[in-house]
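Participant:
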Amino acid sequence: MAPSILIIGATGNTGRSVTETLPEPLKATKSLSDHRVIGLTRSLDSPVSKQLAKVPGVEMVEQNWVEITADWLREHEVVRAFIASHNAPNQFAEESTFHLAALKAGVNNLQWTSLQPNVFSPLYLFTAAEFIRQYRKTGTQDTLKLMAAKDAPVGIVDPDEVGRFAALLLSQDDTTVHNKAKYVLNGLEDVTGAQIVNMVEQHTGTKVQHVSYEDMSFVDSFLDAGSLGAQQSTNVILSIKYAPVTAWEGKCMAATTSKEVLELAAPKRTPVDVLRDLLEV
Numbered sequence: 001m002a003p004s005i006l007i008i009g010a011t012g013n014t015g016r017s018v019t020e021t022l023p024e025p026l027k028a029t030k031s032l033s034d035h036r037v038i039g040l041t042r043s044l045d046s047p048v049s050k051q052l053a054k055v056p057g058v059e060m061v062e063q064n065w066v067e068i069t070a071d072w073l074r075e076h077e078v079v080r081a082f083i084a085s086h087n088a089p090n091q092f093a094e095e096s097t098f099h100l101a102a103l104k105a106g107v108n109n110l111q112w113t114s115l116q117p118n119v120f121s122p123l124y125l126f127t128a129a130e131f132i133r134q135y136r137k138t139g140t141q142d143t144l145k146l147m148a149a150k151d152a153p154v155g156i157v158d159p160d161e162v163g164r165f166a167a168l169l170l171s172q173d174d175t176t177v178h179n180k181a182k183y184v185l186n187g188l189e190d191v192t193g194a195q196i197v198n199m200v201e202q203h204t205g206t207k208v209q210h211v212s213y214e215d216m217s218f219v220d221s222f223l224d225a226g227s228l229g230a231q232q233s234t235n236v237i238l239s240i241k242y243a244p245v246t247a248w249e250g251k252c253m254a255a256t257t258s259k260e261v262l263e264l265a266a267p268k269r270t271p272v273d274v275l276r277d278l279l280e281v
């Protein structure tokens, strides 16, 4: 059995792009061309899993990554991994458990790279897309609630482009130059809350009557019964509301993107592109 590269979170927002992209650049490498790509999924019957299973060179495996053991890693001959874990508070303990399993499996001289995208564009623009859909359907308006500040430019990034960059990192014959690196990822261009409102008005053909900027009220729903945050600390979950503060302060502009990202896989998609795609879903 050939060595493998493991994609944890293969069906998620960044992992899907990693899984789709990785097999092709691997073919051009000197040391990794025979490596398998293993994508993990909770269910092989999910539409995304079935789609990824059709990608040449990808093997989808039904496995809960938090239950991976040293024996499992040895059995599948995992030599590299991409981890896009869930965002619940216990992710840190579970990532540490995975690293411990890797240590017990015989991994040594570990090399790692941390990818730090500032804000994902589908999340940032989701309420704008929903507002447009509602207006097209009913001809009426509710308040347009935006995570964005009115005037702060933010380089929101498409998670697919984060995944593409990760795939190119994983396919490097020599990763030494990227060892212990922390790369900031943003999109091609900045967008402000006021510009998002303008985009909405272009799609609806009418003026938006009421806008709520810096609106993080959706976080409250994470504590509803049955939601992922219902069993977590209320204070911890509500602290998510502070996540965009650096963006509101103008510290997450496209200009902060790491030069290594621009050299290896420069972002191409704009906020206009992403909003258009959201409306086509």
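Residue numbers are given in our numbering: position 157 of the sequence shown equals residue 157, and the series is strictly consecutive.
Using N, Cα and C, we set each Cβ at its ideal position, and we do this for glycine too.
(1) Grab the span of the alpha helix (DSSP H) containing L262 for me, first residue to last.
(2) Apart from the five residues on each side of it in sequence, which residues of its chain come closer than 6 Å, Cβ to Cβ, to A149?
(3) Around the Cβ of N109, are there at least 16 other Cβ atoms within 10 angstroms (buried) or fewer (exposed)?
(4) By DSSP's criteria, Q116 is part of a beta bridge. Which residues make up the other side?
(5) Taking the C-alpha atoms as reference points, what is the distance between Y124 and L279?
(6) When you compare the stretch 47 to 62 with the stretch 132 to 152, are there three or more beta-carbon pairs, one atom per stretch, that lie closer than 8 Å?
(7) Hey, F98 and A166: beta-carbon distance below 7 Å or not?
(8) Suppose you measure from the CA of V179 to the CA of L144; what does that come to, to the nearest Å?
(9) Excluding five sequence neighbours on each side, which residues of the same chain lie with their C-beta closer than 6 Å to the C-beta of S17?
(10) So, for M253: in the same chain, excluding its five sequence neighbours on each side, which residues have a beta-carbon less than 8 Å away from its beta-carbon?
(11) Taking only three categories from DSSP, how would you classify G226?
(12) D142 to V208, Cα distance in whole Å?
(13) Assuming T19 contacts A10 under a Cβ cut-off of 8 Å, what Cβ separation, rounded to an integer in Å, is found between them?
(14) Expressed to the nearest angstrom, what Euclidean distance is found between the alpha-carbon atoms of R74 and A101?
(15) Between the C-alpha atoms of W65 and N198, what's the straight-line distance to the nearest angstrom?
(16) Within the same chain, show all residues whose beta-carbon is closer than 6 Å to that of V79, passing over the 5 residues directly before and after it, in chain order.
(17) Thinking C-beta only, is F218 closer than 7 Å to I237?
(18) Less than 8 Å between the CB atoms is what I'm expecting for Q231 and P89, so what's the real figure, rounded?
(19) Give the straight-line distance between the Cα atoms of L275 and Q202, rounded to the nearest whole angstrom.
(20) According to DSSP, is L123 part of a helix, a strand, or is it coil?
(21) With C-beta atoms as the reference, is T113 less than 7 Å away from L169?
(22) Quick one: is M1 buried, meaning 16 or more other Cβ sit within 10 Å of its Cβ, or exposed?
(23) Please state whether DSSP places L40 in a helix, a strand or coil.
(24) Need the endpoints of the alpha helix (DSSP H) that V177 sits in, please.
(25) Which runs of the beta strand (DSSP E), 3 residues or longer, sit entirely within the stretch 28 to 80?
(26) Need the endpoints of the beta strand (DSSP E) that I237 sits in, please.
(27) Going by C-alpha distance, which of N13, I8, L6 is nearest V157?
Facilitator: So, to answer that:
(1) The residue given as residue 262 occupies position 262 in the sequence shown. L262 -> alpha helix (DSSP H) spans 259 to 265.
(2) Walking along the sequence shown from the start, residue 149 turns up at place 149. Around A149: G193, Y213, E214, W248.
(3) Residue 109 sits at position 109 when you count from the first residue of the sequence shown. Classification of N109: exposed, given that the 10 Å Cβ count is below 16.
(4) Your numbering for residue 116 matches position 116 in the sequence shown. Bridge partners of Q116: V184.
(5) As a first step, residue 124 is located in the sequence shown; it is residue number 124 there, counting from the start. As a first step, residue 279 is located in the sequence shown; it is residue number 279 there, counting from the start. In a straight line, the C-alpha of Y124 is about 14 Å away from that of L279.
(6) Look at the beta carbons and you see the stretch 47 to 62 not touching the stretch 132 to 152: under three pairs across the two are nearer than 8 Å.
(7) By 1-based counting over the sequence shown, the position of residue 98 is 98. By 1-based counting over the sequence shown, the position of residue 166 is 166. No, the Cβ-Cβ distance between F98 and A166 is not below 7 Å.
(8) Taking the sequence shown and counting its residues from 1, one reaches residue 179 at position 179. Taking the sequence shown and counting its residues from 1, one reaches residue 144 at position 144. Note on residue identity: the sequence assigns Asn, not Val, to residue 179. Answer to the nearest angstrom: the Cα atoms are 43 Å apart.
(9) The residue you call residue 17 lines up with position 17 of the sequence shown. If we look at S17 and ignore the five residues flanking it on each side, its Cβ neighbours are D160, G163, R164.
(10) Here residue 253 refers to the residue found at position 253 of the sequence shown. Around M253: P153, V154, G155, N186, D190.
(11) Along the sequence shown, one-based indexing puts residue 226 at 226. In the structure shown, G226 falls within a coil segment according to DSSP collapsed to helix, strand and coil.
(12) The count along the sequence shown starts at 1 and reaches residue 142 at position 142. The count along the sequence shown starts at 1 and reaches residue 208 at position 208. The alpha-carbon of D142 is positioned some 9 Å away from that of V208.
(13) One-based indexing of the sequence shown puts residue 19 at position 19. One-based indexing of the sequence shown puts residue 10 at position 10. Contact check for T19 and A10: beta-carbon distance about 5 Å, within the 8 Å limit, so the pair qualifies.
(14) Reading the sequence shown from its first residue, position 74 is the one you call residue 74. Reading the sequence shown from its first residue, position 101 is the one you call residue 101. Whole-angstrom Cα-Cα distance: 10 Å.
(15) Looking up residue 65 in the sequence shown gives position 65. Looking up residue 198 in the sequence shown gives position 198. For the pair W65 and N198, the Cα-to-Cα distance works out to about 42 Å.
(16) For this step, residue 79 is matched to residue 79 along the sequence shown. Excluding residues up to 5 positions away in sequence, P3 lie with their Cβ nearer than 6 Å to the Cβ of V79 in the same chain.
(17) Within the sequence shown, numbered from 1, the residue matching residue 237 stands at position 237. Within the sequence shown, numbered from 1, the residue matching residue 218 stands at position 218. Not closer than 7 Å, so no.
(18) The residue labelled residue 231 in the question sits at position 231 within the sequence shown. The residue labelled residue 89 in the question sits at position 89 within the sequence shown. With a Cβ gap of about 10 Å, Q231 and P89 do not count as contacting.
(19) The residue you call residue 275 lines up with position 275 of the sequence shown. The residue you call residue 202 lines up with position 202 of the sequence shown. One C-alpha to the other measures close to 12 Å.
(20) Here residue 123 refers to the residue found at position 123 of the sequence shown. Annotated three-state conformation of L123 is helix, per DSSP.
(21) Position 113 of the sequence shown, counted from the first residue, corresponds to residue 113. Position 169 of the sequence shown, counted from the first residue, corresponds to residue 169. Yes, these two residues count as a Cβ contact at 7 Å.
(22) By 1-based counting over the sequence shown, the position of residue 1 is 1. If you draw a 10 Å sphere on the C-beta of M1, you find fewer than 16 other C-beta atoms in it, and that means exposed.
(23) In the sequence shown, the residue the question calls residue 40 occupies position 40. In the three-state scheme derived from DSSP, where H, G and I count as helix and E and B as strand, L40 is classed as strand.
(24) In the sequence shown, the residue the question calls residue 177 occupies position 177. Careful: V177 lies outside any alpha helix (DSSP H) and carries neither H nor E.
(25) Here the runs fully enclosed are 36 to 41, 58 to 62.
(26) As a position in the sequence shown, residue 237 is number 237, starting the count at 1. No beta strand (DSSP E) contains I237, which is instead part of the alpha helix (DSSP H) from 234 to 238.
(27) Against the sequence shown, residue 157 aligns to sequence position 157. For V157, the nearest C-alpha among the options comes from N13.
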